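Each residue of the sequence shown is one higher than the one before, starting from 1 at the first, in this note's numbering.
Just so it is clear, CB atoms sit at the ideal spot from N, CA and C, and this is done for glycine as well.
Predicted model, so just to flag it, every value in this text is computed and none were measured.
For reference, the structure discussed in these notes is given below.
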Amino acid sequence: MKIIFVGTTVFGIPTLEKLKADHQLVLVITQPDMPTGRKRVLTPPPIKVWSHKNNIPLSQPVKILDCQEEITKNNPDLILVAAYGQIIPKAILDIPKFGSINIHGSLLPKYRGASPIQAAILNGDGETGITLILMDEQMDHGPIIAKEVIRLSGDETYPVLYAKLSQLSATFVPKLLSDWFDGKMKPAEQIHAQATFTKLLSRSDAKLDWTQPAKKIDQKIRALNPEPGTWTTLDGKTVKILSCKLLTESKIELPGKIYPHLGQLAVKCLDGSIIVTQIQPEGGSIMTGGDLLNGLKSGSRLFI
Numbered sequence: 001m002k003i004i005f006v007g008t009t010v011f012g013i014p015t016l017e018k019l020k021a022d023h024q025l026v027l028v029i030t031q032p033d034m035p036t037g038r039k040r041v042l043t044p045p046p047i048k049v050w051s052h053k054n055n056i057p058l059s060q061p062v063k064i065l066d067c068q069e070e071i072t073k074n075n076p077d078l079i080l081v082a083a084y085g086q087i088i089p090k091a092i093l094d095i096p097k098f099g100s101i102n103i104h105g106s107l108l109p110k111y112r113g114a115s116p117i118q119a120a121i122l123n124g125d126g127e128t129g130i131t132l133i134l135m136d137e138q139m140d141h142g143p144i145i146a147k148e149v150i151r152l153s154g155d156e157t158y159p160v161l162y163a164k165l166s167q168l169s170a171t172f173v174p175k176l177l178s179d180w181f182d183g184k185m186k187p188a189e190q191i192h193a194q195a196t197f198t199k200l201l202s203r204s205d206a207k208l209d210w211t212q213p214a215k216k217i218d219q220k221i222r223a224l225n226p227e228p229g230t231w232t233t234l235d236g237k238t239v240k241i242l243s244c245k246l247l248t249e250s251k252i253e254l255p256g257k258i259y260p261h262l263g264q265l266a267v268k269c270l271d272g273s274i275i276v277t278q279i280q281p282e283g284g285s286i287m288t289g290g291d292l293l294n295g296l297k298s299g300s301r302l303f304i
């Protein structure tokens, strides 16, 4: 079958590697190159790099509607979408014979929107997965073709869970698409009243609130690193907290109070504490919490 892939991040690459053996990838559509990092260097999306490596035609429109003629000329059997970052209009979705299918990183209708993987960690869910939907004009709204579920251990970080779901897609999507092409699958309407929504996360969402329980802070640190990166302040300067461990002991201290625990940096939360395992002071390098603790002045003992 002739497939057009629409996506931006590395999420869809393992699936594309599987699909290219049995299908004709006639076009990849991704976002324009964007400035990234402190020096704002113009950087291509990962999908662009993969497309060039595999000699697959590429388009980078500002708006996907600008590609309508190119998509039509390729006469695709299917448009497959994963982590693209734009709403795709009906004029595009209706071009392929077998429709347009989106791979979404949650069990829809739960966690529609931009940050479903982070949401599963933030909320301490016991399971998550991927959902294939037949796309309509609304965000993550179309009827469900299939779901694949994985159990969560409760200690996943965002990069680990992202990779698990990406590989889950690569494992199941090729077979699911084969069944779809053979007419073996019938889409079912989502229960829209049960829909929940996520958003594009910003730096303000990643500020740590030490008056929350230790478990919630641990979830936030695991969900929001490396981007946008959880942070707090110490002596008026930003400090990024990159990883931690839960500490169940209880100290009678103010939330945000820093104290030593077996040579490590512990921080008091509403109930319990966390041990900071990786931390990055403003303008400095990543270090262990213990190293930061050793270098603190006597008065510097409270994260805000």
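Spatially closest choice to residue i from the options, by CA coordinates
i	options	result
P89	L78, I117, Q68	Q68
I103	N75, M139, I95	M139
S202	M185, P228, V276	P228
F303	I144, G272, G284, A266	A266
H141	S100, P109, H261, Q167	P109
S106	K97, V149, L246, S51	V149
D179	S204, L161, L132, E156	L132
K245	D33, G154, G295	G154
L78	M1, A146, N55, E137	M1
M185	S100, K215, G284, A146	A146
N75	N55, Y84, S100	S100
L80	T288, L134, A163	L134
K215	N55, A163, G272, S204	G272
Cβ neighbours of residue i in the same chain (closer than 6 Å, five flanking residues each side left out)
i	result
P57	L27
A119	Y111, T198
G12	A82
W50	I13
T157	R222
Y84	V6, G7, T8
E137	K90
Burial state of residue i, where buried means 16 or more other Cβ atoms lie within 10 Å
i	result
V250	The amino acid at residue 250 is misidentified as Val; the sequence shows Ser. So S250 counts as exposed.
H192	exposed
V41	exposed
G36	Note that residue 36 is Thr in the sequence shown here, rather than Gly. By the neighbour-count rule (16 or more Cβ atoms within 10 Å), T36 is not buried but exposed.
P213	exposed
V276	buried
A223	buried
V160	exposed
L176	buried
K240	buried
G263	exposed
L293	buried
E17	exposed
A324	With the chain represented from 1 up to 304, any question about residue 324 goes unanswered, as that position is not in the structure.
G284	exposed
G183	exposed
Proximal residues to residue i (C-beta, below 8 Å), its chain only, five neighbours per side dropped
i	result
R301	K257, I258, Y259
K53	none
M34	L42, T43, P45
R151	G126, E127
L208	I217, K220, I221, T230, W231, T232, I241, F303
F172	I130, A146, E148
CB contact below 8 Å: residue i versus chain C
i	result
L27	Going by chain labels, chain C is absent from the structure shown, which holds only one protein chain.
Own chain partners of residue i with C-beta closer than 7 Å, once the 5 adjacent residues on each side are dropped
i	result
S59	L27, I29, C67, E70
L242	N225, Q278, I279, Q280, I286
T72	I95
L270	T211, Q212, P213, P255
H261	L247, I275
Cβ pair residue i, residue j closer than 8 Å
i	j	result
I47	Q24	no
A170	T15	yes
T8	P44	no
A206	T238	no
F181	F98	yes
I64	I95	no
L165	I117	yes
K268	E282	no
I144	Q86	no
D22	P174	yes
L296	I274	no
V62	P32	yes
M114	L19	Here residue 114 turns out to be Ala, not Met, going by the sequence shown. Cβ atoms of A114 and L19: not closer than 8 Å.
Discussion item. With three or more beta-carbon pairs closer than 8 Å as the criterion, would you say the segment 126-139 touches the segment 224-236?
Written reply: Counting Cβ pairs under 8 Å, fewer than three are found: no touch.
Fill in: Stretch-stretch touch, CB-based, cutoff 8 Å, three pairs: the segment 112-126 with the segment 208-219
Touching, yes, given that three or more Cβ pairs across the two stretches are closer than 8 Å.
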